[in-house]
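The numbering used here applies: residue 1 is where the sequence shown begins, and numbers increase by one.
Worksheet: the structure to be examined is printed underneath.
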Amino acid sequence: MKILLIVFVLMLTSVESKSQGYLNFPLDTIVSDEFYNYRNMAKFDANGKIHMVNTRQFHTNSATREIFYRNNVSGSFVTTRLTHNNTDDNYASFGFDSQGFVHIGWEQRDAGNLFQLIYKNNRGGTFGDSVWITSGGVNKATPFMAVGKDSLVHFVYYTYSTGNNNAYYRNYNFITNQLGPEVFLSAAMTGSENDIEVAVDNNNKIHIIYCTNVNINGGALRYWTNESGTLTEIPTGISANGEYPDITIDNGNEIHIVYRLATDKRIYVLRRLSGGNFQTPLAISPSSIGNPSYWRSIDTDDKGTLFVTYQNSTNPAPRGFFLIHVIGNNVSQPILVFEDSTASYIGRGSSSVAARKEGELAVTFDPTASRNGNVASDIFLKKGTLIVTDIKNPSIPIPKGYVLNQNYPNPFNPSTKISFEIPEASIIKLKIFSSIGNEVMSVINNEKKQKGFYEYNINFSDLTTGIYFYRLTAISDNNIKTEITKKLIFMK
């Protein structure tokens with residue numbers, strides 16, 4: 001009932017949002033039950049429909065892991081179970097070919113109890129027989145797959161065994177059913193999430209990024225591409241302490257590689273134009289705030305804005321899921337997507353973001369729960385449009401406009417001041433919401449305010465201790481709507 005209440009309340013909020021402290025898109029529950037549903041990846045197809053793949057298992061029994069595929073092509077989400085076995089299936093990734101068909105690859109144990117890569121597509125109308133991409137030898141680990149603009153699907157993976165471990169690439173032609181040779185990249189070891197990935201650019205060239213994981217502090221980031229006709233390594237400049245690399249390529253063929261640096265626990269983006277050299281890494285998460293991790297996929301919209309999600313489970317930042325967007329060297333502050341202030345969950349898993357058009361987003365995340373003494377995990381979706389107009393970097397001046405200031409003091413007991421500034425006459429709402437979206441106070445409700453600075457003293461004596469959000473909504477005379485939301489903390 002608690003999950004349903006959260007969904008109902010947050011579905012009443014706007015689906016269009018200014019860059020802000022809280023992502024107030026509607027919250028949809030994709031799956032919530034006694035199972036552990038995790039490692040979900042989401043993508044938009046060419047028509048703006050959402051597709052997902054994820055792993056699902058019964059509590060902590062890895063032998064029950066199965067792969068599930070979901071889409072809302074019909075208008076509501078339809079689920080397809082891709083595996084029906086008593087073995088271990090995991091690490092699913094997927095993509096679309098030039099005709100819009102879906103291709104999915106994952107890791108599955110073979111008859112010899114070794115992990116191998118397996119693959120399906122729905123070009124025949126439904127997902128047909130599986131194809132084994134690897135076989136024999138040793139375990140394969142943390143695979144990733146991308147679909148080319150021809151007839152090839154591309155796979156990257158590690159070997160996982162005692163002794164020497166390596167990174168490999170292999171392709172498969174889904175028209176001729178021909179499996180390409182296994183290509184050795186370098187010595188490398190699997191770590192956890194997003195150890196190795198591959199992407200295809202607009203010229204149908206492949207780009208591979210992986211971490212050598214030589215110690216507990218990650219390792220070198222190694223990058224390969226076949227832009228020249230053969231698969232060639234280009235130095236990234238990250239020779240140590242890189243972790244969890246992820247890759248996406250925008251419409252302008254700029255490569256965006258996101259990774260964490262083990263030494264400072266910050267997320268960085270490393271960029272390269274096709275045919276050029278890597279730029280200087282740019283830090284995109286704040287310093288000394290939490291421990292960002294577990295992004296399952298990143299994306300860029302049609303305007304080239306980069307979107308990255310992550311989870312944090314370490315103080316002083318809130319324990320929840322966050323979204324960052326980046327334009328050039330301008331980086332937004334982290335936007336809180338979800339925080340479990342109701343203590344319904346015991347942990348946070350992976351998150352994923354898909355982007356299209358200008359700021360149209362689908363963000364998925366899977367918090368972990370304890371139900372009836374067992375571990376479970378739910379998958380949630382937030383979908384809407386984030387209008388990126390007030391993106392900022394601390395070193396870049398902020399354009400004058402609608403401004404909602406951070407309340408002061410914060411935390412507070414029992415009173416705090418909230419101030420804002422508007423650049424033109426507007427209809428104003430200033431409201432305060434609980435952490436699950438309930439309106440608890442209306443400070444201003446549809447009042448016409450002239451250009452200027454306003455400040456209000458707010459008393460929380462009748463409310464309980466906790467985290468709240470305050471939202472400024474302004475509608476100008478030419479009917480342009482602006483919404484900004486920030487967080488405040490009431491501590492008795």
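Just so it is clear, CB atoms sit at the ideal spot from N, CA and C, and this is done for glycine as well.
- Item | Where Val78 falls, given that 16 or more other Cβ within 10 Å makes a residue buried | exposed
- Task: Assign Gln99 to buried or exposed, taking buried as 16 or more other Cβ atoms, counted over all protein chains shown, within 10 Å of its Cβ.
- Result: exposed
- Who are Gln178's beta bridge partners in DSSP? Asn173
- Message: Check whether the stretch 354-368 and the stretch 295-315 touch, using three or more Cβ-Cβ pairs below 8 angstroms as the test.
- Response: yes
- Message: What does the Cβ neighbour count give for Tyr408, buried or exposed, with the cut at 16 atoms within 10 Å?
- Response: exposed
- To the nearest angstrom, how far is it from the Cα of Thr368 to the Cα of Gly349? 7 angstroms
- Task: Within the same chain, show all residues whose beta-carbon is closer than 8 angstroms to that of Asn372, passing over the 5 residues directly before and after it, in chain order.
- Result: Glu34
- Query: Should Ser285 go down as buried or exposed, given a rule of 16 or more other Cβ atoms within 10 Å for buried?
  - Reply: buried
- Message: Are the CB atoms of Asp89 and Glu107 within a distance shorter than 8 angstroms?
- Response: yes
- Task: Kindly indicate which three-state DSSP category Thr55 falls into: helix, strand or coil?
- Result: strand
- Item | Span separating the alpha-carbon of Lys392 from that of Val326 | With a pLDDT of 42 at Lys392, under the threshold of 50, the modelled position of that residue is not reliable, and the figure given next carries that caveat. In a straight line, the C-alpha of Lys392 is about 9 angstroms away from that of Val326.
- Limits of the beta strand (DSSP E) - the one that Ser93 falls within: Asp89 to Phe96
- Message: Looking at the secondary structure, which residues open and close the beta strand (DSSP E) in which Ala199 lies?
- Response: Ile196 to Val200
- Query: If you follow the beta strand (DSSP E) that Lys120 is part of, which residue opens it and which one closes it?
  - Reply: Phe115 to Asn121
- Tell whether a beta-carbon distance below 8 angstroms holds between Gly242 and Gly276. no
- Closest to Phe307 by CA distance: which of Val331, Pro318, Ile484 and Pro316 is it? Val331
- Query: Excluding sequence positions up to five away, which residues of its chain have a Cβ less than 6 angstroms from the Cβ of Tyr160?
  - Reply: Asn139, Ala141 and Thr190
- Counting only the same chain and skipping the five closest in sequence on each side, list residues whose C-beta sits under 8 angstroms from that of Asp201. His207, Ile249, Asn253, Ile255 and Ser274
- Tell me Ser426's beta-bridge partners as DSSP assigns them. Lys449 and Ser476
- Can you round the beta-carbon distance between Thr314 and Phe322 to whole angstroms, since I take them to be within the 8 angstroms contact cut? That pair is no contact at about 12 angstroms.
- Query: Name the DSSP bridge partner or partners of His84?
  - Reply: Note: His84 sits in no beta bridge, so no partner.
- Query: Name the DSSP bridge partner or partners of Val443?
  - Reply: Its beta-bridge partners do not exist; DSSP assigns none.
- Identity of the residue in Ile298, Tyr345 and Gly328 nearest Gly320 by Cα: Tyr345
- Query: For the candidate residues Ala317, Ser239, Asn203 and Pro245, whose alpha-carbon lies nearest to that of Gly228?
  - Reply: In the sequence on display, residue 228 carries Ser and not Gly. Here the closest residue by C-alpha is Asn203.
- Classification of Asp378 by the beta-carbon crowding that lies within 10 angstroms, buried from 16 upward: buried
- Message: Could you compute how far the alpha carbon of Tyr172 sits from the alpha carbon of Lys205?
- Response: 15 angstroms
- Taking 8 angstroms as the cut-off, decide whether the C-beta atoms of Phe115 and His51 are in contact. no
- Query: So what does DSSP say about Thr280, is it helix, strand or coil?
  - Reply: coil
- Within its chain, find whatever has a CB closer than 7 angstroms to the CB of Phe101; leave out the 5 residues flanking it on each side and keep chain order. Asn121, Asn122 and Arg123
- Measure the alpha-carbon distance for Leu152 versus Asn113 and round it to whole angstroms. 28 angstroms
- Task: Would you mind giving the Cβ-Cβ distance between Phe493 and Lys486, rounded to the nearest angstrom? I have them listed as a contact below 8 angstroms.
- Result: Any answer about residue 493 is impossible in this case: the structure gives the chain only from 1 up to 492.
- Hey, out of Ile387, Ile175, Gln406 and Ile196, whose CA is closest to Phe155's CA? Ile196
- Task: Can you give me the start and stop residues for the beta strand (DSSP E) that Met41 sits inside?
- Result: Phe35 to Phe44
- Query: In chain order, which alpha helix (DSSP H) runs of at least 4 residues are fully inside the stretch 229-306?
  - Reply: none
- Task: For Thr465, collect the residues of the same chain with a Cβ closer than 7 angstroms to its Cβ; drop the 5 residues on either side in sequence, then sort them by chain order.
- Result: Phe490, Met491 and Lys492
- Message: So for Thr64, helix, strand or coil by DSSP?
- Response: helix
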